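*Asks:* Sending over a structure as C-alpha cells; questions will come in a sec.
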Amino acid sequence: MSACLEVRDLARAFGGVRAVDGASFSVLPGEVRGLIGPNGAGKTTVINLVSGLLAPSGGAILVEGREVQGLAPHRVASSGVARTFQNIRLFLDLTALDNVLVGQHRLRHPSLPSRLLGLPASRAEERQARERAAALLERVGLAERVHERARNLSYGEQRRVEIARALASEPRLLLLDEPTAGMNPVEVQAVAALIRQVAADGRSVLLVEHNVRLVMGVCDAITVLNFGKLIAEGRPAEVARDPAVVTAYLGTAK
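To convert, note that position 10 of the sequence shown is 19 in this note's numbering; the numbers rise steadily by one, no gaps.
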C-alpha cells in the first residue's frame, strides 16, 4: 500500500540547534499515526515542515508520492493536507459557522460576476457550503453553537471548531497538533471518536498529542522523537514497552 505521507531523512536546524535530525516515517491511507516525545523533541517542527510553514534544511516530504518540501502552505494545502495548531488560530469575531466556511476555500470556485450579481448558481453554492459547514460543526458536537461568535466559545469548543475547519477542505491528510489541550475528559473522548471516524473515512491522520492514554487508544502506529531524532516506532503496545521510550518520555512502563 502506497503511503499518504512519507518523510525521508527530514532535517531542520535553527542556528546550531537541530530541531529535527534525520527523521523518517510514513503514514498509510486511513492510518492514525501518533508523533510523540518529550517537550522540545521536534514534534511541532515536523508538523510545520509537512504543512509548509517551515522549509526543511534537508530531506524530503512526499504527499501521495509528490514532493512538497519547501512549497508554500497554500500549495501544500492544495495537495490535500490540512492542519490544526498548537495555539488556536480562529477568527474570533466570526461565528463558528463562518470560521468553518473559511476552510472550504480550496473547494469553492465561484466566478466574481456570479457572486456580485447573486446569480442562482452562486446562491446555490453558498447554501450548500453553509450546509456542509453546519454538518461539520454537528459532527464535532457543536450543532447548538453554529451561530455563536468564536470568542464566546469555551477553549475546548474553539479547539473543535478548528478541527471542523480543517476537515472542511476535505483533506486526505489531517495534521493535528495537540487537539485535546485544554479539554475535559468528556471532550477528549469525543475527539478520540472523531479521529477514528476520520480514519474510517479513509483519511490519514498524523497526531501530535501529550495525552498518552488518548495516543495509545486511538493510534494504529506511533513514532517517537527525542532531540529531533527518531528513537522508536511501531504499534502502541510495542512502543510503550520500548526501554528507550520509557526512559525518554513515558517514565514508567505502561
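Glycine included, C-beta positions come from ideal geometry on N, C-alpha and C.
Note that the structure is predicted; figures quoted are calculated from it, not measured.
Just to confirm before moving on: does the CB-CB distance between Val16 and Ala32 stay below 9 Å?
*Replies:* Going by C-beta atoms, Val16 is nearer than 9 Å to Ala32.
*Asks:* So what does DSSP say about Ala22, is it helix, strand or coil?
*Replies:* In the structure shown, Ala22 sits in a strand (DSSP, three-state: E or B).
*Asks:* What residue range is occupied by the uninterrupted alpha helix (DSSP H) comprising Glu247?
*Replies:* Run containing Glu247: Pro245 to Arg250, per the alpha helix (DSSP H) assignment.
*Asks:* If we ignore side chains and look at the alpha-carbon of each, how far apart do Ser7 and Arg139 end up?
*Replies:* Residue 7 lies beyond the residue range present for the chain, which begins at 10 and ends at 263; the question has no answer from this structure.
*Asks:* What runs of the beta strand (DSSP E), each 3 residues or longer, lie entirely inside the region 27 to 102?
*Replies:* Counting whole runs of 3 or more residues, the region 27 to 102 contains the beta strand (DSSP E) stretches 41 to 45, 67 to 72 and 90 to 92.
*Asks:* Does the distance from the CB of Pro38 to the CB of Gly211 come in under 9 Å?
*Replies:* The answer is yes: Cβ separation under 9 Å.
*Asks:* Distance, Cα to Cα, Asp107 vs Ala173?
*Replies:* One C-alpha to the other measures close to 11 Å.
*Asks:* Beta-carbon separation of Ser60 and Val90 under 9 Å?
*Replies:* Going by C-beta atoms, Ser60 is nearer than 9 Å to Val90.
*Asks:* Considering Leu110, what are the terminal residues of the alpha helix (DSSP H) in which it resides?
*Replies:* Where Leu110 is concerned, the enclosing alpha helix (DSSP H) stretches over Ala105 to Val111.
*Asks:* How would you call Pro188, buried or exposed, if buried means at least 16 neighbouring beta carbons within 10 angstroms?
*Replies:* Buried, since its Cβ has 16 or more Cβ neighbours within 10 Å.
*Asks:* Roughly how far, in whole angstroms, is the beta-carbon of Met225 from the beta-carbon of Pro245, given that I think they are within contact range, below 8 Å?
*Replies:* Yes, Met225 and Pro245 are in contact; Cβ-Cβ is about 5 Å, under 8 Å.
*Asks:* Checking the sheet assignment: what are the DSSP bridge partners for Ser17?
*Replies:* Reading off the sequence shown, one finds Arg at residue 17, where the question assumed Ser. According to DSSP, Arg17 bridges with Ala69.
*Asks:* Would you list the residues sitting across from Asp186 in a DSSP beta bridge?
*Replies:* DSSP output for Asp186 lists Val217 as bridge partner(s).
*Asks:* Just list the residues that DSSP pairs Val233 with in beta bridges.
*Replies:* DSSP lists Ile45 and Ala241 as partners of Val233.
*Asks:* Arg180 to Gly74, Cα distance in whole Å?
*Replies:* The sequence shown places Pro at residue 180, rather than the Arg named in the question. If I take the Cα positions, the gap works out to 16 Å.
*Asks:* Could you check how far apart the C-beta atoms of Leu176 and Leu145 are, in whole angstroms? I think they sit under 8 Å.
*Replies:* At roughly 6 Å, the Cβ-Cβ gap stays under 8 Å, so Leu176 and Leu145 are in contact.
*Asks:* So Arg92 packs on Leu216, CB below 8 Å; how close in whole Å?
*Replies:* The pair is not a contact, with the Cβ atoms about 11 Å apart (cut-off 8 Å).
*Asks:* Thinking C-beta only, is Glu218 closer than 9 Å to Leu185?
*Replies:* Yes, these two residues count as a Cβ contact at 9 Å.
*Asks:* Would you call the CB atoms of Ala253 and Val233 closer than 9 Å?
*Replies:* In contact: Ala253 and Val233 (Cβ atoms closer than 9 Å).
*Asks:* Quick check on Arg158: does DSSP put it in helix, strand or coil?
*Replies:* Arg158 falls in the strand class under three-state DSSP.
*Asks:* Measure the Cβ-Cβ separation of Ile277 and Leu58 and say whether it is below 9 Å.
*Replies:* With the chain covering 10 to 263 only, the question about residue 277 has no answer from this structure.
*Asks:* Which of the three DSSP states, helix, strand or coil, is assigned to Gly226?
*Replies:* Looking at Gly226 - three-state DSSP - the assignment turns out to be helix.
*Asks:* Name the two residues that bound the continuous alpha helix (DSSP H) containing Pro194.
*Replies:* Run containing Pro194: Pro194 to Ala209, per the alpha helix (DSSP H) assignment.
*Asks:* In the DSSP assignment, the alpha helix (DSSP H) including Leu151 goes from what residue to what residue?
*Replies:* Here Leu151 belongs to no alpha helix (DSSP H), and DSSP marks it neither H nor E.
*Asks:* For Glu134, which three-state DSSP category applies?
*Replies:* Of the three classes helix, strand and coil, the one that applies to Glu134 here is helix, per DSSP.
*Asks:* Starting from the Cα of Glu196, find the closest Cα among Arg141, Gly46, Asn220 and Val155 and give me that residue.
*Replies:* Closest by alpha carbon: Asn220.
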